[in-house]
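Asks: Right, I'll just put the structure down here and ask away after.
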Amino acid sequence: MSTAESVDLANAQAPRLLTQVPGPLALARIERDRKVTSPSLPRAYPLVPARGAGSVVEDVDGNRFLDLNAGIAVTSTGHSHPAVVEAIKRQAEQLLHYSASDFYLPIYSDVCEELDRIAPFKEDAKCFLTNSGTEAVEGAIKLARYATGRQYIIAMMGAFHGRSYGSVSLTASKAKYRTGFGPLLPGVHHTVFGDEQHLDILFKRLVSPSEVAAIVVGPILGEGGYVLPPEGWFEYLRGVCDQHGILLVVDEVQSGMGRTGKLWAIEHFGVEPDIVLAGKGIASGMPLGAMIARESLMIWDVGAHGSTYGGNPLSCAAALATLDLIEGGLMDNAREVGGVLLEGLRRIQDRRPAIRDVRGLGLMIGIQFADHDAMVAIEHAAFRRGLLVLGCGDDVIRMSPPLVLRRDQAETALQIFEEAVAEVPG
Ligand code: PLP
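Positions 12 to 437 (my numbering) are the ones given, in order, by the sequence shown.
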């Protein structure tokens, strides 16, 4: 095993496999893990990461992988970016915790000021910080009901918003997320992403728009298969919301913070939401989420909502460093290297009929196959070659790499991906 600290992992050759994967140490760890961890954890394949830098991850056997997962769209600035690590260390030496719900933690409002500055609407913003994406969704459901005095929420078939009770009531990407847990939150209806007629029917037959508090929608369906909206969908939704006094809540937990080449994916569609939700990439791997709302909506009373850890100082320090890096060049890199990946994948599609569709924005790219089995087989074939990608939807492989992915790494990834696709009968 060659995991000497002196190796510059971010620039090291990757993939570089020393054993078959999983190797012996990985297998031993998986055995230990199985005995004590919840069987609900949906492990995709037997990766046992030990350390990472940039777009490279090394497992416990010293095998190096090229990571196009980014810890599932989280490590936006790459694994353990030195500036982020330094910011966390500096903050850790000063203050590990003080509940920002109960007192005036300075770094909490520093982050909220930054989110106000970058919020994708003209009105000033007020923010509530959380530990995760699902908590940001929960906050939005509560605020939307509170601010409008209405009870109904409309979400999209195929969307994923999290696994806590409120958010899982909106989630409709896979039945297994809901099976066995009913009854879920009442007052939630689902419509079809991109289908104006379906929403019209919903309003006519099931729920009056005058009783709807919010439409919650991701700019791109994430877990649902990296599906882009049809032309005009968001203008249509904005129009419906304006007409009926409904709040447009945009879930950017996966698509936000520069991943698509703009700070917020909704900016590609020229529409301003009322509430935007962030998570995942916001703090490069530290637990943080945010509900960013137009200030005129944040009308709830003292004590109506809070959190012990949400916006903890370490995550806030990581978020400030992350945003600096994203605006300082990584968002541009996402656009450029995303273009390299997208074009390369389209060329592969011309040669490999197993690929049914290639789509995406920036570094949020989906590659669709004939069926679920083909997708799983390619995910595993890529893993065996040292390339980390992950399935989503029924039959789609997603590429959501760190925003630091280099052009040469993108080209290596394309080459390995094509080999993996070639291995599977299409
Ligand atoms: N919303 C979207 C669009 C997501 O992709 C996710 C997670 O994948 C969530 C919400 C939930 O975030 P978390 O897993 O941090 O609770």
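Note that beta-carbon positions come from the ideal geometry of N, C-alpha and C, so glycine has one too.
Treat the numbers as computed from the prediction; the structure is a model and nothing was measured.
(1) Would you mind giving the Cβ-Cβ distance between Ala289 and Ala147, rounded to the nearest angstrom? I have them listed as a contact below 8 Å.
(2) How far does the alpha helix (DSSP H) with Phe214 in it extend, from its first residue to its last?
(3) Is the beta carbon of Ile129 closer than 8 Å to that of Ala328?
(4) Suppose contacts are defined by Cβ-Cβ distances below 8 Å. Is Leu416 in contact with Leu374 by that definition?
(5) On the criterion of 16 or more Cβ atoms from any shown chain inside 10 Å, does Val432 qualify as buried, or is it exposed?
(6) Is it right to say Ser307 is buried, meaning 16 or more other beta carbons lie within 10 angstroms of its own, or is it exposed?
(7) Residues in the same chain with beta-carbon distance under 7 Å from Ala103, minus the five sequence neighbours each way, listed in chain order, please.
(8) Does DSSP put Gly371 in a helix, in a strand, or in coil?
(9) Nearest CA to the CA of Asn80: which residue from His92, Val67, Asp72, Ser91?
(10) Between the beta-carbon of Ser143 and the beta-carbon of Pro298, is there less than 8 Å?
(11) Kindly indicate which three-state DSSP category Pro220 falls into: helix, strand or coil?
(12) Where do the N-terminal and C-terminal ends of the beta strand (DSSP E) with Tyr163 fall, by residue?
(13) Taking the straight line between their C-alpha atoms, what separation do you get for Phe171 and Pro26?
(14) When burial is assigned at 16 or more other CB atoms within 10 Å of the CB, is Thr271 buried or exposed?
(15) Let me know the secondary structure DSSP gives Phe139 once reduced to three states.
(16) Under three-state DSSP, which class holds Asp121?
(17) CB-CB under 8 Å to Thr14, same chain, minus the five flanking residues each way: which ones, in chain order?
(18) Residues around the ligand PLP, please: the condition is that the C-beta lies closer than 6 Å to some non-hydrogen atom of it.
(19) Below 6 Å CB to CB, which residues in the same chain sit around Thr182 once its five sequence neighbours on both sides are set aside?
(20) Could you give the residue range of the alpha helix (DSSP H) that holds Asp343?
(21) Where DSSP assigns a beta bridge to Pro60, which residues make up the other side?
(22) Just reading off the alpha helix (DSSP H) that Val179 is part of, what are its end residues?
(23) Residues bridged to Gln379 by DSSP?
(24) For the candidate residues Ser51, Ala21, Thr88, Pro53, whose alpha-carbon lies nearest to that of Met342?
(25) Do Val348 and Gly300 have their C-beta atoms closer together than 8 Å?
(26) Roughly how far, in whole angstroms, is the beta-carbon of Ile165 from the beta-carbon of Thr202, given that I think they are within contact range, below 8 Å?
(27) Quick check: what's the CA-CA separation for Met12 versus Pro33?
(28) Whole-angstrom Cβ separation of Gly65 and Ala21, contact assumed at under 8 Å?
(29) From Lys100, Gly377, Gly281, pick the residue whose C-alpha is nearest to that of Phe132; which is it?
(30) Just to confirm my understanding: we take Val199, look at its own chain, exclude 5 residues before and 5 after, and list those with CB closer than 7 Å. What are they?
(31) I need the boundaries of the beta strand (DSSP E) containing Thr202, first residue and last residue.
(32) Quick one: what does DSSP say Gly402 is sitting in, helix, strand or coil?
(33) Using the three-state DSSP reduction, which class does Ala130 fall into: helix, strand or coil?
(34) Taking Glu430 and Tyr56 to be in contact with their CB atoms under 8 Å, please state how far apart those CB atoms are, rounded to whole angstroms.
(35) Let me confirm a value: Pro412 is counted as buried when at least 16 other C-beta atoms fall within 10 Å, else exposed. Which label applies?
(36) If Leu58 sits next to Phe394, beta carbons under 8 Å apart, how far is it from one beta carbon to the other, in whole angstroms?
Replies: The relevant details are as follows:
(1) Taking the sequence shown and counting its residues from 1, one reaches residue 289 at position 278. Taking the sequence shown and counting its residues from 1, one reaches residue 147 at position 136. Their Cβ separation, rounded to whole angstroms, is 7 Å, which keeps Ala289 and Ala147 in contact under 8 Å.
(2) Stepping through the sequence shown from its first residue, residue 214 is reached at position 203. 207-216 is the extent of the alpha helix (DSSP H) around Phe214.
(3) Start at 1 with the first residue of the sequence shown, and residue 328 comes out as number 317. Start at 1 with the first residue of the sequence shown, and residue 129 comes out as number 118. No, they are not a contact pair.
(4) The count along the sequence shown starts at 1 and reaches residue 416 at position 405. The count along the sequence shown starts at 1 and reaches residue 374 at position 363. The Cβ-Cβ distance between Leu416 and Leu374 falls below 8 Å.
(5) Here residue 432 refers to the residue found at position 421 of the sequence shown. So Val432 counts as buried.
(6) Mapped onto the sequence shown, residue 307 falls at position 296. With a 10 Å radius around the Cβ and a threshold of 16 neighbouring Cβ atoms, Ser307 comes out exposed.
(7) Counting from 1 along the sequence shown, the entry for residue 103 is found at position 92. The beta carbon of Ala103 lies closer than 7 Å to those of Leu325 in the same chain, with the five residues before and after it left out.
(8) The residue you call residue 371 lines up with position 360 of the sequence shown. Strand at Gly371.
(9) For the purposes of this step, residue 80 is identified with residue 69 of the sequence shown, where counting begins at 1. For Asn80, the closest alpha carbon among the candidates His92, Val67, Asp72, Ser91 is that of Val67.
(10) Here residue 143 refers to the residue found at position 132 of the sequence shown. Here residue 298 refers to the residue found at position 287 of the sequence shown. Less than 8 Å separates the beta-carbon of Ser143 from that of Pro298.
(11) As a working mapping, residue 220 is identified with position 209 in the sequence shown. The three-state secondary structure of Pro220, taken from DSSP, is helix.
(12) To locate residue 163, count along the sequence shown from 1; it is residue 152. 163-168 is the span of the beta strand (DSSP E), which, as asked, contains Tyr163.
(13) Taking the first residue of the sequence shown as 1, we reach residue 171 at position 160. Taking the first residue of the sequence shown as 1, we reach residue 26 at position 15. Computed Cα separation, rounded: 31 Å.
(14) Here residue 271 refers to the residue found at position 260 of the sequence shown. Buried, since its Cβ has 16 or more Cβ neighbours within 10 Å.
(15) Taking the first residue of the sequence shown as 1, we reach residue 139 at position 128. Assigned with DSSP and collapsed to three states, Phe139 falls in strand.
(16) For the purposes of this step, residue 121 is taken as residue 110 along the sequence shown, with counting starting at 1. It is helical.
(17) Mapped onto the sequence shown, residue 14 falls at position 3. Confidence at Thr14 is low in this model, with a pLDDT of 45, below 50, so the placement of that residue is unreliable and no value is reported for it.
(18) Taking a cut-off of 6 Å from the heavy atoms of the ligand PLP, the residues with a C-beta inside it are Ser143, Gly144, Thr145, Val148, Phe171, His172, Gly173, Gly229, Gly233, Glu234, Asp262, Val264, Gln265, Gly290.
(19) Position 171 of the sequence shown, counted from the start, is the residue given in the question as residue 182. Cβ neighbours of Thr182 beyond the five flanking positions: Phe171, His172, Tyr188.
(20) If you number the sequence shown from 1, residue 343 lands on position 332. Run containing Asp343: 342-362, per the alpha helix (DSSP H) assignment.
(21) Counting from 1 along the sequence shown, the entry for residue 60 is found at position 49. Bridge partners of Pro60: Asp70.
(22) As a first step, residue 179 must be located in the sequence shown, where it is residue number 168. For Val179, the enclosing alpha helix (DSSP H) covers residues 176-181.
(23) Numbered from 1 along the sequence shown, position 368 holds the residue referred to as residue 379. Beta-bridge pairing links Gln379 to Asp368, Val407.
(24) Within the sequence shown, the letter at position 331 stands for residue 342. Per the Cα distances, Thr88.
(25) In the sequence shown, counting from the first residue as 1, residue 348 sits at position 337. In the sequence shown, counting from the first residue as 1, residue 300 sits at position 289. In this structure, the beta-carbon distance from Val348 to Gly300 does not fall below 8 Å.
(26) Translated into positions along the sequence shown, residue 165 becomes position 154. Translated into positions along the sequence shown, residue 202 becomes position 191. Confirmed, about 6 Å.
(27) On the sequence shown, position 1 is the one that residue 12 refers to. On the sequence shown, position 22 is the one that residue 33 refers to. Confidence in Met12 is poor, its pLDDT being 41 and thus under 50, which makes the residue's placement unreliable; the coordinate value appears in the next sentence. Spanning the two alpha carbons is a distance of roughly 14 Å.
(28) Stepping through the sequence shown from its first residue, residue 65 is reached at position 54. Stepping through the sequence shown from its first residue, residue 21 is reached at position 10. The Cβ separation is near 3 Å, so the contact holds.
(29) Locating residue 132 in the sequence shown gives position 121, where the first residue counts as 1. Closest option to Phe132, Cα to Cα, is Gly281.
(30) Along the sequence shown, one-based indexing puts residue 199 at 188. If we look at Val199 and ignore the five residues flanking it on each side, its Cβ neighbours are Ile164, Ala166, Ser180, Leu181.
(31) Taking the first residue of the sequence shown as 1, we reach residue 202 at position 191. From DSSP, the beta strand (DSSP E) with Thr202 extends over 199-203.
(32) Here the question's residue 402 lines up with position 391 in the sequence shown. The DSSP-derived three-state label of Gly402 is strand.
(33) For this step, residue 130 is matched to residue 119 along the sequence shown. Coil, per DSSP.
(34) Taking the first residue of the sequence shown as position 1, residue 430 is located at position 419. Taking the first residue of the sequence shown as position 1, residue 56 is located at position 45. About 17 Å separates the Cβ atoms of Glu430 and Tyr56, ruling out a contact at the 8 Å cut-off.
(35) Position 401 of the sequence shown holds residue 412. Answer is buried; the Cβ neighbour count reaches 16.
(36) The residue labelled residue 58 in the question sits at position 47 within the sequence shown. The residue labelled residue 394 in the question sits at position 383 within the sequence shown. Leu58 to Phe394, Cβ: 7 Å. Contact.
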